[in-house]
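Colleague: The opening position of the sequence shown corresponds to residue 763 in the numbering used here, with each subsequent residue numbered one higher. Glycine included, each C-beta is placed from N, C-alpha and C at the ideal position. Model, not experiment: these values are computed from the prediction.
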Amino acid sequence: MARLHTSGMETNNATATEWSTTSGTASFVTTPVHSGTYAWRCNPTGGAGGLRRTLSAAKTSGTLFHRVYFRVAEWPATGITIVAFVDGGQVRVQRLNIIDVGGNKRLQILNVPTGTTADSAFNLSLDTWYRIYWRVLL
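#1: Determine which residues share a DSSP beta bridge with Asn885 and list them.
#2: What did DSSP end up calling Asp862 once you bin it into helix, strand or coil?
#3: From this set, Leu872, Leu817, His828, Thr793, which residue's C-alpha is nearest Gly904's C-alpha?
#4: Could you check if Val874 belongs to the surroundings of the ligand ADP, using beta carbon to heavy atom distance under 8 Å?
#5: For Arg814, count neighbouring C-beta atoms within 10 Å of its own C-beta (all shown protein chains included) and say buried if the count is 16 or more, exposed if not.
#6: Straight-line CA distance for Asp862 to Asn885?
#7: Please classify Phe827: is it buried, with 16 or more other beta-carbons within 10 angstroms of its beta-carbon, or exposed?
#8: Whole-angstrom Cβ separation of Ser882 and Leu869, contact assumed at under 8 Å?
#9: Given a threshold of 16 other Cβ atoms within 10 Å of its Cβ, counted over all protein chains shown, does Thr843 qualify as buried or as exposed?
#10: Please state whether DSSP places Tyr895 in a helix, a strand or coil.
#11: In the DSSP assignment, find the unbroken beta strand (DSSP E) run with Ala846 in it and report its ends.
#12: Hey, would you say Val848 sits closer than 9 Å to Thr816, going by beta carbons?
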């Protein structure tokens, strides 16, 4: 299987080579980082603060694998999408969200076309690095 998209923030260039758009106030930082030299930092604005990747319009079947490392320094006031994948028509197909469950913050993966969600069973903590993998069948 050919790799469709690889993203590491080590390029220090999010939109020119890897991501379609960003939301919120985004910048590269050298501290804190998970590993390497750079990390991408976003200060959410207006309920938005994440990355978006446009998938190939030709990709209509198969399997997509995603891996994301993230760390939260301060909780957003409301739920927020931190990563979104959109199809060639700019329609969101997947979102990785941070949601509020009874005052606790959790992860949620949302399949936008079907409305299906998968919520984490654990609460997130501030200033902790998390790695999440997920697989999507098209």
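Modeller: On the basis of the supplied data:
#1: As a first step, residue 885 is located in the sequence shown; it is residue number 123 there, counting from the start. Answer is none; Asn885 lacks a bridge partner.
#2: Here the question's residue 862 lines up with position 100 in the sequence shown. In the structure shown, Asp862 sits in a strand (DSSP, three-state: E or B).
#3: In this structure the chain extends from 763 to 900, so residue 904 is not present and cannot be described.
#4: Here there are no bound small molecules, and the ligand ADP is not part of this structure.
#5: Numbered from 1 along the sequence shown, position 52 holds the residue referred to as residue 814. Under this definition Arg814 is a buried residue.
#6: By one-based count along the sequence shown, residue 862 stands at place 100. By one-based count along the sequence shown, residue 885 stands at place 123. Approximately 10 Å, taken between the alpha carbons.
#7: Along the sequence shown, one-based indexing puts residue 827 at 65. Burial call: exposed.
#8: Within the sequence shown, numbered from 1, the residue matching residue 882 stands at position 120. Within the sequence shown, numbered from 1, the residue matching residue 869 stands at position 107. Indeed they touch by this definition, with Cβ atoms about 4 Å apart.
#9: Position 81 of the sequence shown, counted from the first residue, corresponds to residue 843. Under the 10 Å beta carbon count, Thr843 is surrounded by 16 or more other beta carbons and is classified as buried.
#10: Reading the sequence shown from its first residue, position 133 is the one you call residue 895. Correct three-state label for Tyr895: strand.
#11: Translated into positions along the sequence shown, residue 846 becomes position 84. DSSP places Ala846 in the uninterrupted beta strand (DSSP E) bounded by 842-848.
#12: Taking the sequence shown and counting its residues from 1, the one referred to as residue 848 is at position 86. Taking the sequence shown and counting its residues from 1, the one referred to as residue 816 is at position 54. Contact: yes.
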